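2 protein chains.
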Amino acid sequence: MVKMIKVLGVDIGGTDIKLGIVNQKGEVLHSGTIPTRAAQGPEAMVNDVLQWREGQRGDHPEITAAGIDCAGLLDGKRRWLYSSPNLSGWENIPLGEMFESRLGLPVTLDNDANCAAWGEYNRGAGRGTKCFVCLTLGTGVGGGVVIEGRLYRGSQGLAGEVGHQVILAGGPRCGCGSRGCLEALIGADAIIKRTRDILAEGKASVLGERDDFTVRDIASAAREGDGAAVRSLGETGEFLGIGLANIVHLFNPEVIAVGGGVAGAGDFILGPARESLRKHLMGEVLSGIPVVPAQLGNRASLVGASFLALEKIKTEG
Amino acid sequence: MVKMIKVLGVDIGGTDIKLGIVNQKGEVLHSGTIPTRAAQGPEAMVNDVLQWREGQRGDHPEITAAGIDCAGLLDGKRRWLYSSPNLSGWENIPLGEMFESRLGLPVTLDNDANCAAWGEYNRGAGRGTKCFVCLTLGTGVGGGVVIEGRLYRGSQGLAGEVGHQVILAGGPRCGCGSRGCLEALIGADAIIKRTRDILAEGKASVLGERDDFTVRDIASAAREGDGAAVRSLGETGEFLGIGLANIVHLFNPEVIAVGGGVAGAGDFILGPARESLRKHLMGEVLSGIPVVPAQLGNRASLVGASFLALEKIKTEG
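Heads up: the sequence lines are chains A and B, in that order. First residue of the first sequence? That's 1031 in this note's numbering, and the numbers climb one at a time after it. First residue of the second sequence? That's 1031 in this note's numbering, and the numbers climb one at a time after it.
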């Protein structure tokens, strides 16, 4: 009998850390979440993760490696965290090393969007492709690129930052300090602001009766035929299409997948995005590249981080 | 004595075809130009090139392969020309095969900007890098990407089209049919239009006395301290910087080189471009990526095409 290898996946989000015991096929055997207590600092976080792992020792005594991921500027090769929007005040931290020395296991660390792309490549929408780009739409807009079976990282591990391509020079201010980034136009906050602006024009909408709403609420309203919601998501899709056209012109991928919470709005965004993409392509020959929904939902990063850990074991023998 | 291998390089431009006999070090031993008679069709062009090659047979009896390049949408792997702005009416032509059957030699075919990048990687500004992007600024704005020692082509051979990334949604119409492409903002025509617009504001300029001028004239005027010319090139540089920032965020290259005729304006464009690049980056850590002038001048594509041919010989034994 072949021994089943298991790894620990750790997906550090802004509010929660998702954890999973994952086998070599990328199947999540057991999963859980713990709160992200960023204010307590990295040591405390490593302790929290260790404690969760201890709780699983009965069922899963042997773990061979761990794959960590987190939003932000990260160098996967050096396992170095430059900064993260989810981990306020954490800067220039050897987070991979910290986890490794406490867990006593080989540890990988990478960007959450890179891991989502790697997960989708291995078990989702990118399977079997030679050049694959995966976008993650949420509060932030992230991306990951897989070229010939390897996560493409560039010279500093910072490639694939599709959310910070400028598509509207001089446009709205982005959280990163620049202007007119894709994220500043299609991130969750931008979608909510766009919807508010449409409502402010006096358009009747179920959303107009509420003080506060989320992108999920906008998507629900759109599904019920709410005109303001449909228009807001459609305009969002038009900008997404421009970002996709730029990705096509630079990477000429085989498939592009779109995931993340905002992608839950489905064809209300993706439909107009595909139309806009087509309009912004330099040649008909490029128009056949499929833009498809991601398949792994909110587990994509966890699964991808686990696959990176599995790969590390293989590579390092 | 090791036998010196020689190849024929053929760089098909809008007015001229540059030809060269190139050795295995990428040194151009002999070069010449013939007019591009696109209206006569591909067969006639192949004949013209053959005739030039025959003229060199005395000095260079043995040629082992040929590397062809040309502007436009090309698939290097299939050696297929979809279309070219320089070759009006040529569409969907197996140009590589046509040259190969008539020359009786292994032939490579690729995009001129890809070849420029490949030339700069092998003998110019990109030597020794693991991830290199080269922009070619002229009437068109092209690009090529070299990753880990290989020209990156993507799924259809159409990657690296940096000139057709949209950086100003809804911006000026581009020759490709889209709007707000980098090429529509920093291509030669856009620079001339920008300068005319500045002159129309009534700004005194040596260029105001002329009916017609080129980017080279604008650069000369700038070198003489002409305010309108300096401003026009500066504004061009600001848009270039945004395009560079997008390249940094997507590819995270080690070095970016900028060549082509328009790059002859030097720091009047590159200075403001570097400043604008810095302003549009999402993190300080990305600001160290050097943006340098290309080194091979107008021979970059010819040299790169020749290196592709040399590589084909090696690969195919």
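Glycine is no exception: its CB is placed at the ideal position from the N, C-alpha and C atoms. Model, not experiment: these values are computed from the prediction.
{"Query": "Secondary structure of residue 1131 (chain A), DSSP reduced to three states", "Result": "helix"}
{"Query": "Short Cβ contact (7 angstroms threshold) for residue 1330 (chain B) with residue 1149 (chain B)", "Result": "yes"}
{"Query": "Boundaries (first-last residue) of the beta strand (DSSP E) holding residue 1151 (chain B)", "Result": "Per DSSP, residue 1151 (chain B) belongs to no beta strand (DSSP E); it is in the alpha helix (DSSP H), 1142-1153."}
{"Query": "Reduced DSSP category for residue 1277 (chain A) - H, G, I as helix; E, B as strand; rest coil", "Result": "helix"}
{"Query": "Other residues of its chain near residue 1138 (chain B): CB distance less than 6 angstroms, five sequence neighbours each side excluded", "Result": "1097, 1338, 1339 and 1342"}
{"Query": "Near-chain B residues of the region 1298-1315 of chain A - C-beta to any C-beta below 9 angstroms", "Result": "1309, 1310, 1311, 1312, 1313, 1314 and 1315"}
{"Query": "Delimiting residues of the beta strand (DSSP E) encompassing residue 1036 (chain B)", "Result": "1036-1042"}
{"Query": "Closer than 7 angstroms to chain A by CB, residue 1216 (chain B)", "Result": "no"}
{"Query": "Neighbourhood of residue 1178 (chain B) by C-beta distance below 8 angstroms, restricted to the same chain and skipping five residues each side", "Result": "1160 and 1161"}
{"Query": "Within chain B, partners of residue 1161 (chain A) - CB distance below 7 angstroms", "Result": "1184 and 1185"}
{"Query": "Proximity of residue 1277 (chain A) and residue 1163 (chain A) at Cβ, strictly below 7 angstroms", "Result": "yes"}
{"Query": "For residue 1177 (chain B): DSSP bridge partner residues", "Result": "B:1161 and B:1180"}
{"Query": "Any C-beta of chain A under 7 angstroms from that of residue 1151 (chain B)", "Result": "no"}
{"Query": "CA-to-CA distance, residue 1274 (chain B) to residue 1112 (chain A), given in whole angstroms", "Result": "22 angstroms"}
{"Query": "Paired residues, beta bridge with residue 1050 (chain A) - DSSP", "Result": "A:1039 and A:1061"}
{"Query": "Selection from A:1166, A:1238 and A:1193 that minimises the alpha carbon distance to residue 1291 (chain A)", "Result": "A:1166"}
{"Query": "Interface partners of residue 1171 (chain B) on chain A, CB under 9 angstroms", "Result": "Going along chain A, no residue has its Cβ under 9 angstroms from residue 1171 (chain B), so there is no contact; the nearest lies around 11 angstroms."}
{"Query": "Residue 1265 (chain A) at chain B interface by Cβ criterion, 7 angstroms", "Result": "no"}
{"Query": "6 angstroms CB neighbourhood of residue 1251 (chain A) in its chain, flanking five on each side removed", "Result": "1236, 1237 and 1259"}
{"Query": "Short-range partners of chain A found in the region 1267-1282 of chain B, where Cβ spacing is below 9 angstroms", "Result": "1268, 1269, 1272, 1273, 1275, 1276, 1277, 1278, 1279, 1280, 1281 and 1282"}
{"Query": "CB of residue 1267 (chain A) within 7 angstroms of CB of residue 1302 (chain A), strictly", "Result": "yes"}
{"Query": "Beta-carbon proximity list for residue 1118 (chain A), same chain, < 8 angstroms, skipping 5 on both sides", "Result": "1068 and 1069"}
{"Query": "The region 1214-1221 of chain A touching the region 1306-1315 of chain B, judged by at least three CB pairs closer than 8 angstroms", "Result": "no"}
{"Query": "Contacting positions in the region 1111-1136 of chain A - beta carbon closer than 8 angstroms to chain B", "Result": "1112 and 1113"}
{"Query": "Residue 1095 (chain B), DSSP secondary structure in three states", "Result": "strand"}
{"Query": "Contacts of residue 1189 (chain A) in chain B (Cβ-Cβ under 7 angstroms)", "Result": "1280, 1281 and 1282"}
{"Query": "Residue 1131 (chain B) burial status per 10 Å Cβ neighbour count (16 or more: buried)", "Result": "exposed"}
{"Query": "C-beta neighbour in chain A for residue 1070 (chain B), strict 7 angstroms", "Result": "no"}
{"Query": "Simplified DSSP state of residue 1125 (chain B), which is helix, strand or coil", "Result": "helix"}
{"Query": "Contact with chain B by residue 1237 (chain A), beta-carbon distance below 7 angstroms", "Result": "no"}
{"Query": "Close beta carbons around residue 1304 (chain B), own chain, < 6 angstroms, minus the five adjacent residues each side", "Result": "1321"}
{"Query": "Selection from A:1045, A:1054, A:1310 and A:1184 that minimises the alpha carbon distance to residue 1336 (chain A)", "Result": "A:1054"}
{"Query": "Run of the beta strand (DSSP E) containing residue 1069 (chain B), from where it starts to where it stops", "Result": "Residue 1069 (chain B) -> no beta strand (DSSP E), and no H or E assigned at all."}
{"Query": "Three-state class that DSSP yields for residue 1244 (chain A) in the structure shown", "Result": "coil"}
{"Query": "Interface flag, residue 1326 (chain B) vs chain A, CB-CB below 7 angstroms", "Result": "no"}
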